[in-house]
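Undergrad: Here's a structure for you.
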Amino acid sequence: MIAGTFDILHPGHIYLINEAAKLGEVYVVVATDKNRKLYSGKSPIVSEDQRLEIIKNVKNVKKAVLGRKDNNTLKTVEEIDPDIVLLGPDQNFDEKKLQTALRERGLKSLEVRRLNTFYEKFQLNSSSKIKNKIFKTYLQDENEL
Numbered sequence: 769m770i771a772g773t774f775d776i777l778h779p780g781h782i783y784l785i786n787e788a789a790k791l792g793e794v795y796v797v798v799a800t801d802k803n804r805k806l807y808s809g810k811s812p813i814v815s816e817d818q819r820l821e822i823i824k825n826v827k828n829v830k831k832a833v834l835g836r837k838d839n840n841t842l843k844t845v846e847e848i849d850p851d852i853v854l855l856g857p858d859q860n861f862d863e864k865k866l867q868t869a870l871r872e873r874g875l876k877s878l879e880v881r882r883l884n885t886f887y888e889k890f891q892l893n894s895s896s897k898i899k900n901k902i903f904k905t906y907l908q909d910e911n912e913l
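If you read the sequence shown in this note's numbering, its first letter stands for residue 769, the second for the next number, and so on.
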């Protein structure tokens, strides 16, 4: 299982999905708009329904679901009941704390891992980098008018 916002799909997302697929069937939890804002302080550009639709149609994704509206992330993990939760290299979760919290919920055989490598083939390897480039390009274009 992997989870994230997947706001502007980019090669880093595909890399995470493909690396997860090497471990087994990939279940993806797409963050709700509300939870994205809660965790990062920023709203996503693309709506949760659109992000979910895109992820559902990505190669190697067995099933994609929208995160819970009540922000109970651990309950979502219980419902999916994966063997492995794979965290992305830039996700702000402590693996040991997450593992402990999941064990306390009875998910004793579940393993939490982190993908330690970033996909760096292209410069625009994160949603924030893409957004920044769009913003800078837009400002530059506006100034040239």
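Ideal Cβ placement from N, Cα and C applies to all residues, glycine included.
What residues in its chain sit with their C-beta under 6 angstroms from that of residue 796, if we drop five residues either side in the sequence?
TA: Working through the sequence shown from its first residue, we reach residue 796 at position 28. The residues are 770, 823, 829 and 832.
Undergrad: So within the stretch 796–822, which uninterrupted alpha helix (DSSP H) runs reach at least 4 residues, ignoring any that extend past its ends?
TA: With a minimum length of 4 residues, the continuous alpha helix (DSSP H) runs that stay inside the stretch 796–822 are 801–808.
Undergrad: In chain order, what residues of the same chain lie with their CB nearer than 8 angstroms to the CB of residue 806, ignoring the 5 residues before and after it?
TA: Looking up residue 806 in the sequence shown gives position 38. These residues qualify, in order along the chain: 839.
Undergrad: Do residue 880 and residue 866 count as a contact pair if the criterion is CB distance below 8 angstroms?
TA: Here residue 866 is taken as the residue at index 98 of the sequence shown, counted from 1. Here residue 880 is taken as the residue at index 112 of the sequence shown, counted from 1. Yes, the pair counts as a contact, with Cβ atoms nearer than the cut-off.
Undergrad: According to DSSP, is residue 790 part of a helix, a strand, or is it coil?
TA: Position 22 of the sequence shown holds residue 790. Three-state result, residue 790: coil.
Undergrad: Between which two residues does the beta strand (DSSP E) harbouring residue 881 extend?
TA: Position 113 of the sequence shown, counted from the start, is the residue given in the question as residue 881. That run of the beta strand (DSSP E) goes 879–882.
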